[in-house]
Structures are given as C-alpha cells and as structure tokens.
Amino acid sequence: MTLCHLTVTQLRAGLEKGDFSCLEVTRAFLNAMEAHQKLNCYITPTPEKAEAMAQISDARYQKKEARALEGIPLAYKDLFCTAGVRTTAASRILDSFIPTYESTVTEKLENEGIVMLGKLNHDEFAMGSTGSNSYFGQTINPWRKETHPEHDLVPGGSSSGSAASVAAGLCAASLGTDTGGSIRQPAAFCGVVGLKPSYGRCSRRGVIAFASSLDQAGPITRSVEDAAHILKAMAGHDAMDMTSSRLPVPDYPASLMKNAKGIKIGIPKEYNAEGMPDSISNLWKKSALWLQENGAEIIDISLPHTRYALPAYYIIATAEASSNLSRYDGVRYGLREKGDCLEDMYEKTRSAGFGREVKRRILMGTYALSAGYYDAYYLHAQKIRAKIIEDFQSAWTQCDCILAPVTPGSAFPIDEDFDDPIKLYLGDIFTVPASLAGLAGLAIPVGKDDEGLPLGMQILAKPFNESTLFCVGRVLEEAAGFISYLEDKNNKGNENG
Amino acid sequence: MQPRMALEKDQIRKVAKLARLRLTDEEEDIFFSDLNKIFDWMDHMSRIDVSQTQPPTSILPEEVALRADKAGRGEKVAILSNAQGSAVEGFFAVPKVIGEE
Numbered sequence: 009m010t011l012c013h014l015t016v017t018q019l020r021a022g023l024e025k026g027d028f029s030c031l032e033v034t035r036a037f038l039n040a041m042e043a044h045q046k047l048n049c050y051i052t053p054t055p056e057k058a059e060a061m062a063q064i065s066d067a068r069y070q071k072k073e074a075r076a077l078e079g080i081p082l083a084y085k086d087l088f089c090t091a092g093v094r095t096t097a098a099s100r101i102l103d104s105f106i107p108t109y110e111s112t113v114t115e116k117l118e119n120e121g122i123v124m125l126g127k128l129n130h131d132e133f134a135m136g137s138t139g140s141n142s143y144f145g146q147t148i149n150p151w152r153k154e155t156h157p158e159h160d161l162v163p164g165g166s167s168s169g170s171a172a173s174v175a176a177g178l179c180a181a182s183l184g185t186d187t188g189g190s191i192r193q194p195a196a197f198c199g200v201v202g203l204k205p206s207y208g209r210c211s212r213r214g215v216i217a218f219a220s221s222l223d224q225a226g227p228i229t230r231s232v233e234d235a236a237h238i239l240k241a242m243a244g245h246d247a248m249d250m251t252s253s254r255l256p257v258p259d260y261p262a263s264l265m266k267n268a269k270g271i272k273i274g275i276p277k278e279y280n281a282e283g284m285p286d287s288i289s290n291l292w293k294k295s296a297l298w299l300q301e302n303g304a305e306i307i308d309i310s311l312p313h314t315r316y317a318l319p320a321y322y323i324i325a326t327a328e329a330s331s332n333l334s335r336y337d338g339v340r341y342g343l344r345e346k347g348d349c350l351e352d353m354y355e356k357t358r359s360a361g362f363g364r365e366v367k368r369r370i371l372m373g374t375y376a377l378s379a380g381y382y383d384a385y386y387l388h389a390q391k392i393r394a395k396i397i398e399d400f401q402s403a404w405t406q407c408d409c410i411l412a413p414v415t416p417g418s419a420f421p422i423d424e425d426f427d428d429p430i431k432l433y434l435g436d437i438f439t440v441p442a443s444l445a446g447l448a449g450l451a452i453p454v455g456k457d458d459e460g461l462p463l464g465m466q467i468l469a470k471p472f473n474e475s476t477l478f479c480v481g482r483v484l485e486e487a488a489g490f491i492s493y494l495e496d497k498n499n500k501g502n503e504n505g
Numbered sequence: 057m058q059p060r061m062a063l064e065k066d067q068i069r070k071v072a073k074l075a076r077l078r079l080t081d082e083e084e085d086i087f088f089s090d091l092n093k094i095f096d097w098m099d100h101m102s103r104i105d106v107s108q109t110q111p112p113t114s115i116l117p118e119e120v121a122l123r124a125d126k127a128g129r130g131e132k133v134a135i136l137s138n139a140q141g142s143a144v145e146g147f148f149a150v151p152k153v154i155g156e157e
C-alpha cells in the first residue's frame with residue numbers, strides 16, 4: 009500500500025504526526041496520475057496549483073494552524089466551476105470556458121485546506137451512466153474481470169472520473185454530482201463509497217446545472233468515515249442558492265461512533281427486479297443479515313410506485329435540462345460558430361457543441377414541455393413524483409432507513425453496444441426514486457460478483473438524516489470488509505496496456 | 057393520459073427547431089427512432105391515475121427563503137470580460153443582432 013491508497017483520515021493523521029509532508033503526498037498522487045493517464049480520469053490536471061497549495065498546507069502544519077482537511081489531495085468532477093481553471097462540463101461547447109468564480113462547495117473545501125489535483129472526466133453535462141458521453145473520451149474502470157482482464161470496463165457515470173480516480177489511487181477523494189444516481193452508480197462499479205446528500209444539504213452555486221430540482225454535489229471516497237468528514241466541510245446554507253437548506257450541519261464524524269442497535273432497516277419488495285443476478289440478491293440478503301447481527305431490525309416495506317419512477321425521472325430531468333442548457337447559445341459561453349444571422353449562429357453553435365446524448369435529452373425535454381404535451385408528460389411526471397415522495401413518507405413511519413442494491417449488475421465492457429438508450433436508462437432503476445424524493449443515499453462496496461467485480465449496496469435515509477447513513481454505513485462497511493483500494497494485480501492490465 | 061401517438065419526422069424537426077438544434081439526416085433518423093422507442097417505453101406511466109394528485113412545489117422540506125433585496129458582491133467587469141476573451145473596451149463583444157433582415 010502506498011500513500012495514494014491511504015484514506016483521507018489516515019492521510020490527515022500521518023500529516024499531523026509528520027510521517028510525511030503535504031508536498032510528498034501531493035507529488036505521490038501527481039506521479040500516479042501521470043502513470044495512469046490511460047484510465048483517462050482527468051480532463052485538466054493542475055499540478056502546479058496542487059504543489060503551491062501543498063506548500064501552503066505544509067507551512068500551516070509547521071505553524072500548528074492546520075485546518076480540518078489540510079493537505080488532503082482532492083479532485084473535482086469538471087462540472088464544478090473553479091476560478092481561473094478551465095471548467096468544461098466534458099462538453100465541446102465549454103471546452104475553453106474559464107470561470108471567474110469558484111463554486112461554493114469547492115470554496116468551502118479549499119477553506120478547510122484541501123489540495124486540488126485537477127478536474128475529472130465525466131459524461132457530458134452529467135448525462136449518462138457509462139462515462140462514454142464525454143467530449144474528452146471514455147474513462148476506464150481500473151477494475152477488470154478475472155476471466156477477461158483484457159477487456160476495458162466502464163466505470164459507470166456520470167461521475168466516471170470521480171469514481172475511477174478514487175479506486176485507482178489518483179486522488180484521496182473526489183467530488184461528484186448525483187442527479188439520478190451519478191455518484192452512487194459509478195461508486196458501486198468502481199468499489200468505492202459514494203454519498204448523495206439530501207437535496208438542499210449542499211449549495212449548488214457554481215455547479216453547472218443539469219436538472220436543478222435533482223442535482224446535488226457529494227463526495228466519493230474510500231471509506232464511510234472519509235465521506236462524513238468531507239460532507240461536514242462542504243454542507244451548509246448558502247445565501248447564493250435559495251434551495252440550500254438553513255438546517256444546521258451536524259457533526260457527521262461523531263455519528264460514526266454509534267452502533268446500529270435498534271435502527272429499523274426497510275427492505276423494499278419492489279426492488280426485487282426481474283432478472284437481478286444471484287450475486288446481487290445474495291449480497292443484499294447478506295447485508296441485511298450483517299446489519300441484523302449488529303442490532304438493527306429488518307422490516308419488509310413497500311414502495312408501490314417504484315415502477316413509474318424511471319420514466320417520470322427521464323421526463324423531469326430532460327425537461328429541466330432543455331431549459332438549463334438553453335443558455336449555451338454561442339453568445340456568452342465557450343464555443344461560438346459563425347452564422348449568417350443570429351438564429352443560424354445559435355443552431356450551428358449548439359449543433360457543433362453538444363454531443364449525441366445531450367442532444368437526445370434536449371429533444372426529449374423540449375418535446376415534453378412543448379404546447380399540447382406539457383400536461384401529458386411533464387405535469388403527469390411531476391404528479392408521479394409526488395406519489396414517489398408519498399411512498400417514502402409512508403415508509404419512514406415504519407423504518408429509519410432503507411437497504412437496496414445500487415445497480416442491477418456490475419461494470420460492463422466499454423465495447424458493449426451503447427446504442428439502445430432504454431437499456432442504459434434501466435440501469436438507473438434503483439437510484440432514481442431516492443433522487444426524485446430528495447433523499448440522502450450512501451453507496452457502499454460490500455462484495456464482488458463471480459467475475460471479481462465490485463458490487464454495492466445503498467442505504468437511503470429521509471432528507472437531512474445523513475448521520476443515520478454514516479452510522480449504518482460504517483457498520484455495513486466493517487461487516488463487509490471490502491478493501492476499497494486495488495491490489496497491483498487488478499491494475500496490471502492498465503499499467504501494461 | 058391517452059395512449060401516445062407516434063412521433064412523426066416533421067415533429068422531430070419542429071422540436072429540434074424549438075431547441076435551436078440543426079440535425080443532420082443521420083441524426084434525424086437516429087432521434088426519430090430513439091424518441092419513439094423511449095416515449096413508447098414511457099407510456100406505462102399513463103396507467104397510473106394521478107387526477108387527484110398535486111405536483112410538488114418544492115423538494116426542500118422547509119420553506120424556501122428569499123435573500124434580502126440588497127446589493128451584494130458583484131463580479132468585477134474587468135475579470136468577467138477578460139475571462140470570456142472577447143472583450144472590447146471593457147464590454148462583452150457579442151454577435152450583431154440589430155439590423156438583420
């Protein structure tokens with residue numbers, strides 16, 4: 009195990025004791041990033057900025073003025089605006105966009121002393137679940153099938169680089185965004201921990217918008233404890249985002265000390281999807297048993313409108329996206345194609361700047377909002393959203409949190425046919441309901457499938473109950489004993505290839 | 057909700073126009089097929105009766121508070137115009153929109 013495979017908590021303790029310096033740690037990660045460029049995790053590495061920040065952190069340790077995350081090397085999905093550092097949304101339309109301001113969450117993390125290693129790859133405008141919809145190319149999952157190590161696998165998405173980089177030891181932790189599962193699903197595919205905070209827990213200011221009623225920023229880490237520390241640093245009200253909550257931010261790391269005794273865990277019967285692999289259903293049962301052995305009470309629950317969540321999500325998310333992405337017109341941001349008139353310039357810029365999946369979703373959203381179809385699609389989907397929220401409210405009268413798989417399968421090869429959008433959308437079946445209801449969700453790697461690939465379970469809690477997630481998540485993590493860093497043998501295919 | 061009518065190609069063109077997207081012939085064929093498949097798949101939404109359900113107005117469990125109507129921090133003009141890289145004499149330079157046919 010190298011410096012690059014320590015958790016945030018272990019790094020912080022080592023830095024405090026003087027076992028290594030911030031600059032040593034930062035350089036170890038910069039070297040690892042250089043050595044694993046083939047994974048294509050980073051769009052824009054920022055080595056000079058990272059070394060400068062590390063030197064500032066070292067000086068603070070020497071002066072005994074270290075902050076909560078002093079010297080911890082993090083990287084951000086390239087959807088977070090970073091002042092003076094290119095922010096692309098993994099899109100051609102923003103490939104030269106340099107923001108003038110910092111997103112609130114990254115600003116808060118920098119105020120706690122983190123070192124920024126760079127900007128991470130993802131699906132364009134966070135639309136996708138494979139990492140293949142990026143203008144900057146496919147991110148590769150550092151994990152490989154035991155039987156076919158020659159196949160490159162998808163890392164999941166949309167926070168593809170955020171999950172793959174943590175799994176491969178190319179940053180200590182990362183930031184992603186979750187609209188319908190974009191933190192939890194890639195975390196599960198890459199064998200790391202992913203937290204989608206409650207809607208409103210973290211500010212969205214400076215996070216490039218996909219679907220504003222669903223988007224939420226969160227950490228991807230190698231342990232539940234790390235996620236608790238990072239959420240504590242990034243959560244809280246922001247006057248510049250009226251949808252950020254005024255509720256106080258609890259001391260999340262303190263909740264890790266509690267046990268699961270007496271906590272009621274709901275198992276939703278509707279998540280028993282047809283065709284779910286035995287490896288996943290068996291791990292689901294095993295996870296429930298582990299929690300039960302640690303004092304939790306397991307309860308069967310029902311979320312009757314689950315089957316309508318996916319189409320409702322794809323109407324609401326694409327409708328919001330079609331509106332949010334209308335600002336990319338060639339006038340104010342990034343790419344501008346010349347046109348004979350204003351209309352011509354808009355169309356040429358947008359047609360050249362957006363990738364295929366983004367265009368598909370803009371068309372879906374525009375259609376769903378267009379005259380004559382609004383009631384049948386958008387309004388209908390919003391009413392289904394109300395039903396999904398009611399389902400969860402009813403569940404919370406019986407249980408404190410919910411245990412379910414994150415995905416209906418493990419990571420698949422990148423050369424698999426991605427032409428069927430419905431097949432890909434179905435992969436979001438377990439993550440989307442919680443997004444629609446604004447819940448908090450924590451994905452934890454709990455085991456492997458027959459091919460040696462990681463599988464994850466998610467714990468869901470009612471809004472603003474992240475403390476319960478961390479408490480239950482820690483118990484599950486310890487019981488599962490999954491090691492969230494890759495042994496050399498798993499990385500070999502990439503290093504040799 | 058009534059069963060869905062299939063999307064016609066001219067509707068795809070109309071939606072693309074509304075979205076300020078110019079599709080190639082290949083894209084038009086792909087999106088015509090994709091959108092029909094996707095909306096067919098979504099059609100099972102119509103089976104649920106939501107006539108008595110109100111859509112949510114906010115996902116936040118608390119009331120959304122507006123900030124005071126006071127001047128706050130603003131971005132400096134020089135920083136903004138330099139960042140865009142198309143500044144002329146401290147102003148954004150944008151394509152001409154007045155005087156077109």
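Listed in order, the protein sequences are those of chains A and B.
Numbered according to this note's numbering, the first sequence spans residues 9 to 505.
Numbered according to this note's numbering, the second sequence spans residues 57 to 157.
Just so you know, even glycine gets a beta-carbon here, dropped at the ideal spot from N, CA and C.
For clarity, every value in this text was computed on a predicted model and none was experimentally measured.
Residue j beta carbon less than 8 angstroms from that of residue i
i	j	result
tyrosine 381(A)	tyrosine 375(A)	yes
asparagine 149(A)	tyrosine 50(A)	no
lysine 116(A)	methionine 248(A)	no
alanine 281(A)	isoleucine 228(A)	no
serine 166(A)	serine 173(A)	no
arginine 213(A)	aspartate 160(A)	no
glutamate 424(A)	glutamate 154(A)	no
alanine 325(A)	threonine 187(A)	yes
glutamate 110(A)	threonine 90(A)	yes
alanine 83(A)	glycine 126(A)	yes
isoleucine 122(A)	isoleucine 64(A)	no
glycine 455(A)	phenylalanine 490(A)	yes
cysteine 210(A)	alanine 171(A)	no
alanine 389(A)	isoleucine 323(A)	yes
phenylalanine 426(A)	serine 140(A)	yes
Inter-residue Cα distance where the pair is residue i and residue j
i	j	result
aspartate 457(A)	proline 416(A)	12 angstroms
alanine 75(B)	glutamate 120(A)	42 angstroms
isoleucine 191(A)	glutamate 145(B)	43 angstroms
serine 295(A)	valine 162(A)	25 angstroms
alanine 97(A)	phenylalanine 105(A)	9 angstroms
leucine 291(A)	threonine 439(A)	17 angstroms
alanine 445(A)	isoleucine 397(A)	5 angstroms
alanine 134(A)	leucine 87(A)	8 angstroms
alanine 487(A)	tryptophan 298(A)	6 angstroms
tyrosine 436(A)	alanine 74(A)	Position check: residue 436(A) holds aspartate in this sequence, whereas tyrosine was assumed. Each residue's Cα considered, the two are about 40 angstroms apart.
lysine 57(A)	alanine 262(A)	32 angstroms
lysine 93(B)	aspartate 81(B)	19 angstroms
asparagine 39(A)	aspartate 66(A)	19 angstroms
tyrosine 143(A)	lysine 269(A)	48 angstroms
tyrosine 279(A)	proline 285(A)	13 angstroms
tyrosine 316(A)	leucine 387(A)	14 angstroms
asparagine 499(A)	leucine 461(A)	Legend: pLDDT at asparagine 499(A) = 45, less than 50; position of this residue unreliable, no value from coordinates given.
aspartate 103(A)	asparagine 267(A)	47 angstroms
phenylalanine 95(B)	proline 421(A)	27 angstroms
Residue i classed as buried or exposed, judged by whether at least 16 other C-beta atoms fall within 10 angstroms
i	result
asparagine 473(A)	buried
proline 413(A)	buried
serine 402(A)	exposed
glutamine 193(A)	buried
proline 53(A)	buried
lysine 497(A)	Any reading at lysine 497(A) is ruled out, since the residue's pLDDT is 42, under 50, leaving its predicted position unreliable.
methionine 465(A)	buried
aspartate 90(B)	buried
histidine 156(A)	exposed
Anticipated Cβ contact below 8 angstroms, residue i with residue j, distance rounded
i	j	result
glycine 549(A)	methionine 353(A)	Past the edges of chain A, shown from 9 to 505, lies residue 549(A), and the structure says nothing about it.
proline 471(A)	proline 117(B)	5 angstroms
phenylalanine 484(A)	serine 418(A)	Just to set this straight, residue 484(A) is leucine in the shown sequence, not phenylalanine. That belief does not hold up - the Cβ atoms of leucine 484(A) and serine 418(A) are roughly 18 angstroms apart, past 8 angstroms.
tyrosine 260(A)	leucine 239(A)	5 angstroms
phenylalanine 400(A)	cysteine 179(A)	Actually they do not touch by this definition, with Cβ atoms about 33 angstroms apart.
isoleucine 309(A)	cysteine 409(A)	Contact doesn't hold; Cβ gap of about 11 angstroms is too wide.
Practice task
With 9 angstroms as the limit, tell me which residues of the segment 58-76 of chain B have their beta carbon closer than that to any beta carbon of chain A; keep them in chain order.
Solution key: Gln58, Arg60, Leu63, Gln67, Ile68, Lys70, Val71, Ala72, Lys73, Leu74, Ala75, Arg76
Exercise for the section: Mind checking the segment 252-274 of chain A against chain B and listing, in chain order, the residues whose C-beta falls within less than 9 angstroms of any C-beta there? Expected result: Ser252, Ser253, Arg254, Leu255
Problem - Interface residues of the segment 358-387 of chain A facing chain B [CB-CB below 7 angstroms] - result: Arg358, Ser359, Lys367, Arg368, Ile370, Leu371, Met372, Thr374, Tyr375, Ser378, Ala384, Leu387
Handout entry: Where the segment 311-333 of chain A meets chain B: residues whose CB sits under 8 angstroms from a CB there
Key = His313, Arg315, Tyr316, Pro319, Ala320, Tyr322, Ile323, Ser330
Practice task
Could you list the residues in the segment 111-123 of chain B with a C-beta less than 9 angstroms from some C-beta on chain A, going in chain order?
Solution key: Pro111, Pro112, Ser114, Ile115, Leu116, Pro117, Glu118, Val120, Ala121, Leu122, Arg123
Exercise for the section: Using a Cβ-Cβ cut-off of less than 7 angstroms, list which residues of the segment 398-414 of chain A approach chain B; keep chain order. Expected result: none
Problem - Contact list for the segment 184-213 of chain A against chain B, Cβ threshold 8 angstroms - result: Tyr207, Gly208
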